[in-house]
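Peer 1: Each residue of the sequence shown is one higher than the one before, starting from 28 at the first, in this note's numbering. Take a look at this one; I'll ask things after.
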Amino acid sequence: MPVRPRVGISADYEARPVREVATFHHVLQHYYIEAVLRAGGLPVVLPSVDPALVPEYAAGLDALVVSGGDFDLDPALFGEARHERLGRIVPERTAFEMALLRHFDAGDKPVLGICGGMQAMNVLRGGSLYQDLPSQKRSTPGHSQIGDKRLAWHNVSPSGVLADWIGAAPLPVNSTHHQAVKTLGAGLVAAAVAEDGIVEAFVDPKRCYFVGVQWHPEAMAERERHDRIYARLVAAAHTSK
Ligand SMILES: [Mn+2]
28 MPVRPRVGIS
38 ADYEARPVRE
48 VATFHHVLQH
58 YYIEAVLRAG
68 GLPVVLPSVD
78 PALVPEYAAG
88 LDALVVSGGD
98 FDLDPALFGE
108 ARHERLGRIV
118 PERTAFEMAL
128 LRHFDAGDKP
138 VLGICGGMQA
148 MNVLRGGSLY
158 QDLPSQKRST
168 PGHSQIGDKR
178 LAWHNVSPSG
188 VLADWIGAAP
198 LPVNSTHHQA
208 VKTLGAGLVA
218 AAVAEDGIVE
228 AFVDPKRCYF
238 VGVQWHPEAM
248 AERERHDRIY
258 ARLVAAAHTS
268 K
């Protein structure tokens, strides 16, 4: 039986009340676990711990998924002051994820960033973000979806290697982000844009698999094309093992 590649997935880190006491939890939406399992990978959930432990975690992983979450990156990471509409920041999580990304980016194991994970990859490479799309680049229907994120909210146009994987036809995607890529980081090439020009996916074509997507492919009810993004991650993990 072929061994499943071990795919680390970063988790959210947040306080939730337990018996009325604010208690920190490491949590991850099950969509990510299911998508990695469907792709043939072995999901490994990663807690936000001391970044000094990153090399030990990474040694046991064949690929990395940096997940999204209901939080924002500190704009100090890309040299900007905080916008008044900046949301919650989670320093422990961001410190661990940036250390993970730096470690993986120094090698060539596959990396997939989803939503906030894509934004972290862009910032790692020296790119910048819109801190709040509704006030900095307003469009219709916008990127803050109302309702079920298993359903699409807007279309993107895949190009380049992403179009080779999932087809170049307009792709309906969900959209639950108020931040987005403003300037692309070094070595990154846009691989999908929304109708308003927002970069919704990028790749580093020099790497075996270094991909960021702004939507949540793992959550889409219409799976066929979206699942190929995770399938390619696991395929690349097999060859880089
Ligand atoms: Mn969007």
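Positions of the beta carbon are idealized from the N, C-alpha and C atoms, including for glycine. Small disclaimer: the values here were computed from a predicted structure and weren't measured.
What residue from G153, A147, V200 has the CA that sits closest to Q172's CA?
Peer 2: That would be V200, whose Cα lies nearest to the Cα of Q172.
Peer 1: Does ligand 1 have a heavy atom nearer than 8 Å to the CB of S155?
Peer 2: Checking every heavy atom of ligand 1 against the Cβ of S155, none is found closer than 8 Å.
Peer 1: What ranges does the alpha helix (DSSP H) occupy inside the stretch 162–233, keeping only unbroken runs of at least 4 residues that lie completely in it?
Peer 2: 187–193, all fully within the stretch 162–233.
Peer 1: Would you kindly check if the distance between the Cβ of V138 and the Cβ of Y40 is under 9 Å?
Peer 2: The answer is no: Cβ separation not under 9 Å.
Peer 1: For R115, report the span of its beta strand (DSSP E) as first-last.
Peer 2: Taken as a continuous stretch (DSSP letters only), R115 belongs to no beta strand (DSSP E), as it is neither H nor E.
Peer 1: Assign E83 to one of two classes, buried (16 or more other C-beta atoms within 10 Å of its C-beta) or exposed (fewer than that).
Peer 2: Classification for E83: exposed.
Peer 1: Alpha carbon to alpha carbon, how far is N182 from A221? Give it in angstroms, no decimals.
Peer 2: Roughly 6 Å between the two C-alpha positions.
Peer 1: On the three-state DSSP scale, how would you describe E249?
Peer 2: Three-state result, E249: coil.
Peer 1: Taking 8 Å as the cut-off, is the C-beta of H170 nearer than that to any heavy atom in ligand 1?
Peer 2: Yes; taking the cut-off as 8 Å, the Cβ of H170 has a heavy atom of ligand 1 nearer than that.
Peer 1: I want to check one thing, is the minimum distance from the CB of E119 to the heavy atoms of ligand 2 below 8 Å?
Peer 2: Inclusion of ligand 2 in the displayed structure is not the case, the ligand content consisting of ligand 1 alone.
Peer 1: I225: beta carbon under 8 Å from a heavy atom of ligand 1?
Peer 2: Under cutoff, so the answer is yes.
Peer 1: What residues are listed by DSSP as bridge partners for L156?
Peer 2: For L156, which the question treats as bridged, DSSP gives the partners V208.
Peer 1: Could you give the distance in angstroms between the alpha-carbon of M145 and the alpha-carbon of V93?
Peer 2: Rounded to whole angstroms, M145 to V93 spans 8 Å at the Cα level.
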